[in-house]
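Just below is one structure, and these are the notes that go with it.
Chains as they are written, first to last, in this note's numbering: chain A, 1 to 377; chain B, 1001 to 1377.
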């Protein structure tokens, strides 16, 4: 149940109440692909850095350990020891990007597991069943995610099929939530708006899916090839056609600046692998832009990554030490980097919420972006 | 300053007071080779699992980040954020086992760095200088560590040189501790007894080095090729010739059973990479023997690694979850495994100390070994 608390321009301050607790929005979801955050970050760590909601990947969990295993273990919350909300994607994106895709048909998608090559079929019903077994708080609809810059004719046909699939997802989720042995009988379903960079297709699609009265709406298929400016234009065009009383989720986005621009256009939920991936490559996010700890100038630098930062890495360890660990390929380096970066993202979202509450989001956004751009290495 | 508190048979209960705090013995040192524990275990974690003293490797720190860097950063304690005692080895063992050894001469050892191949010379003076820069609590003497089963004639010549090197170490350490810019002016020096499996050589060597009145004495060159029974025999033979008022350290040992046997023969300090290395391979230490979490029978096992264990892994995560993370090669698996194993070792040492205090070490040892043997997978 989403409640819009207030608006500041198009930026929205809200809260989503779920069976696993309430999420204050806008929010950044921390990505734990296989039911664990990359970089040896534990769920205890997540609690200590202000994580409100975790995202796991349905495809990965389906192939290993298997969603049936997770169901037998009482669902993903119990399995990974995390009692706050979890969102699962539909599995579709990974099938298209990671697995050996064989064929898209009306009934669903045929592909090969990236683990053992075994043939798998996944359609809307299968995706819902898997997510129901995982028992996430929020399930995502099964859609096709074509390249955002694909041909118009391809996108049109794909979006029409995604709409047909969405109806099947909704029906299947209703059926599953009513079954006696379903773990989370209040599992939410978010629909996904598609249409590439073609705003008219996106708007038509938004009009159709908003009528389906889903628990939330995502804008999918962006940040996969088009420019940032095109992504912002699509958001400008399509978000007004999504229902104001439902949460809006911009999938797979992005940099801190992308998120600020998304919030400015009415987006509530974000997720991205950047904090973890950049951390693993020695890149730390700060209010003065990204810095690369592998840089020789940090060899004798006894300051924390960011002065004043209250994350577990900055409270205790120096740039020089983390740089040494990165160069020695010591795992603790990755844990400290990822922890810092997730803390940076989570803290920025908290600042964003405070700024909207205080009707000063535009000033906050401008100052934050200028600060980050000024110091970018 | 070592204080022998009481004996129970040959098992010794003592404490070593240092400038970085007091260590209750017998103790197991947790190994943090490059200034960090393998498996992304942080110094905060070490504090939470009862670690009293950490061991780092001089050779590794000398080649990266460089002991001069560590000195500029205020010493290893400050660099890695650990304020309890640290023991550094001499660098000799790694030179002989890991680096590209070129030549052993009277003045020291010529070798190539395993990082960049650069030629390095290390003799007793260099080892002391490096360890003084690192500013560990306890420095180890620079010795040769030949195979324990090498020819008698080789061992004899090697031990004689190790004795000459030990005198140079002691002189150099005294000089360094008196320098105005030395970080730890109370750095302790432990000598190392060598002699392979030849007890008469070991005893003669022990008689010589005990006269040098060092801060502690190690038995080195064991657990590198000989059987466990030979190792125990050597300890039976040589420990009585080491001074009772100094701590005794059995280097690089070993399994829980090895440690119990070592304590039973008067040893106070131990170190070993097994808890970390076994953890990385899915092997967990328990009171019922080692278990391998990769075993299929743990797929749906919702119990902790060891029921009743109070380590951060067992308090929160199941065998099934850790097994999944191990199979997915997720870094968190290694952190949880290593944390559990170090906690097991640290807890066993605490139990050993309690047993000696209560004059029931023999019973404790017997029950512990029987329990571990009974359940070993």
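Note that beta-carbon positions come from the ideal geometry of N, C-alpha and C, so glycine has one too. Please read these numbers as outputs of a predicted model, since none were measured by experiment.
N-terminal and C-terminal residue of the alpha helix (DSSP H) that residue i is part of
| i | result |
| --- | --- |
| residue 43(A) | 43 to 48 |
| residue 1015(B) | That residue, residue 1015(B), is in no alpha helix (DSSP H); its beta strand (DSSP E) goes 1011 to 1018. |
| residue 366(A) | 361 to 375 |
| residue 321(A) | 319 to 327 |
| residue 1354(B) | 1331 to 1357 |
| residue 1076(B) | 1076 to 1080 |
| residue 108(A) | From DSSP, residue 108(A) is part of no alpha helix (DSSP H) but of the beta strand (DSSP E) over 108 to 112. |
| residue 1096(B) | 1092 to 1097 |
| residue 1439(B) | Because chain B spans 1001 through 1377 in this model, residue 1439(B) falls outside it and cannot be assessed. |
| residue 1072(B) | 1067 to 1072 |
Within chain A, the residues that residue i reaches when beta carbons sit closer than 8 Å
| i | result |
| --- | --- |
| residue 1299(B) | 65 and 69 |
| residue 1334(B) | 40 and 331 |
| residue 1099(B) | Those within 8 Å of residue 1099(B) in chain A number zero; the least Cβ separation is about 16 Å. |
Whole-Å CB distance - residue i paired with residue j, under 8 Å assumed
| i | j | result |
| --- | --- | --- |
| residue 28(A) | residue 259(A) | 7 Å |
| residue 1209(B) | residue 1225(B) | The Cβ separation is near 23 Å, so there is no contact. |
| residue 1287(B) | residue 1349(B) | That pair is no contact at about 14 Å. |
| residue 1141(B) | residue 1090(B) | 6 Å |
| residue 1300(B) | residue 69(A) | 7 Å |
| residue 1087(B) | residue 1042(B) | Wrong, their Cβ atoms sit about 19 Å apart, outside the cutoff. |
| residue 376(A) | residue 292(A) | Going by Cβ atoms, the distance from residue 376(A) to residue 292(A) rounds to 11 Å, so no, they are not a contact pair. |
| residue 325(A) | residue 294(A) | Rounded, the Cβ-Cβ distance is 11 Å, inconsistent with contact. |
| residue 1125(B) | residue 1172(B) | 5 Å |
| residue 1038(B) | residue 1276(B) | 4 Å |
| residue 44(A) | residue 1316(B) | 7 Å |
| residue 166(A) | residue 212(A) | 7 Å |
| residue 367(A) | residue 289(A) | Not confirmed; about 13 Å, so no contact. |
| residue 182(A) | residue 176(A) | 6 Å |
| residue 138(A) | residue 85(A) | 7 Å |
| residue 33(A) | residue 56(A) | 6 Å |
| residue 278(A) | residue 51(A) | No, residue 278(A) and residue 51(A) are not in contact; Cβ-Cβ is about 17 Å, not under 8 Å. |
| residue 243(A) | residue 16(A) | The pair is not a contact, with the Cβ atoms about 14 Å apart (cut-off 8 Å). |
| residue 353(A) | residue 146(A) | Rounded, the Cβ-Cβ distance is 34 Å, inconsistent with contact. |
Partners in chain B for residue i, counting only beta-carbon separations shorter than 7 Å
| i | result |
| --- | --- |
| residue 325(A) | 1036 |
| residue 302(A) | 1073 |
| residue 328(A) | 1034 and 1064 |
Chain A contact residues for residue i, given Cβ-Cβ distances below 9 Å
| i | result |
| --- | --- |
| residue 1316(B) | 42, 43, 44 and 81 |
First and last residue of the uninterrupted beta strand (DSSP E) at residue i
| i | result |
| --- | --- |
| residue 1054(B) | 1054 to 1056 |
| residue 1028(B) | 1027 to 1031 |
| residue 1003(B) | 1002 to 1008 |
| residue 1120(B) | 1119 to 1122 |
| residue 88(A) | 86 to 88 |
| residue 105(A) | 100 to 105 |
| residue 150(A) | Careful: residue 150(A) lies outside any beta strand (DSSP E) and carries neither H nor E. |
| residue 139(A) | 138 to 140 |
Residue i: contacting residues in chain B (beta-carbon distance under 8 Å)
| i | result |
| --- | --- |
| residue 321(A) | 1035, 1073, 1079, 1080 and 1081 |
Closer than 7 Å to chain E by CB, residue i
| i | result |
| --- | --- |
| residue 1250(B) | Here chain E cannot be found, since the structure's protein chains are A and B. |
Original post:
Are the region 349 to 367 of chain A and the region 1064 to 1077 of chain B touching, with three or more C-beta to C-beta distances below 8 Å?
Top reply: no
Original post:
If we count Cβ pairs, one from each stretch, closer than 8 Å, do we get three or more for the region 208 to 228 of chain A versus the region 242 to 254 of chain A?
Top reply: yes
**OP:** Kindly provide the ranges of any beta strand (DSSP E) runs that are 3 or more residues long and lie completely inside the region 174 to 248 of chain A, ordered along the chain.
**Re:** 188 to 193 and 216 to 219
Original post:
Do the region 339 to 346 of chain A and the region 300 to 319 of chain A make contact, defined as three or more Cβ pairs closer than 8 Å?
Top reply: yes
Original post:
How do the region 1005 to 1020 of chain B and the region 1262 to 1271 of chain B stand: do at least 3 beta-carbon pairs fall below 8 Å, yes or no?
Top reply: yes
Subject >> Inter-stretch contact (C-beta, 8 Å, three-pair minimum) for the region 197 to 212 of chain A and the region 126 to 140 of chain A >> reply: Contact between the region 197 to 212 of chain A and the region 126 to 140 of chain A is not established, with fewer than three Cβ pairs separated by less than 8 Å.
Subject >> Completely contained alpha helix (DSSP H) runs for the region 1272 to 1308 of chain B, where each covers 4 or more residues >> reply: 1274 to 1280
Original post:
Does the region 91 to 101 of chain A touch the region 67 to 83 of chain A, meaning 3 or more C-beta pairs lie closer than 8 Å?
Top reply: Not touching, per the Cβ criterion.
Subject >> Any 3 or more C-beta pairs closer than 8 Å across the region 151 to 160 of chain A and the region 228 to 240 of chain A >> reply: no
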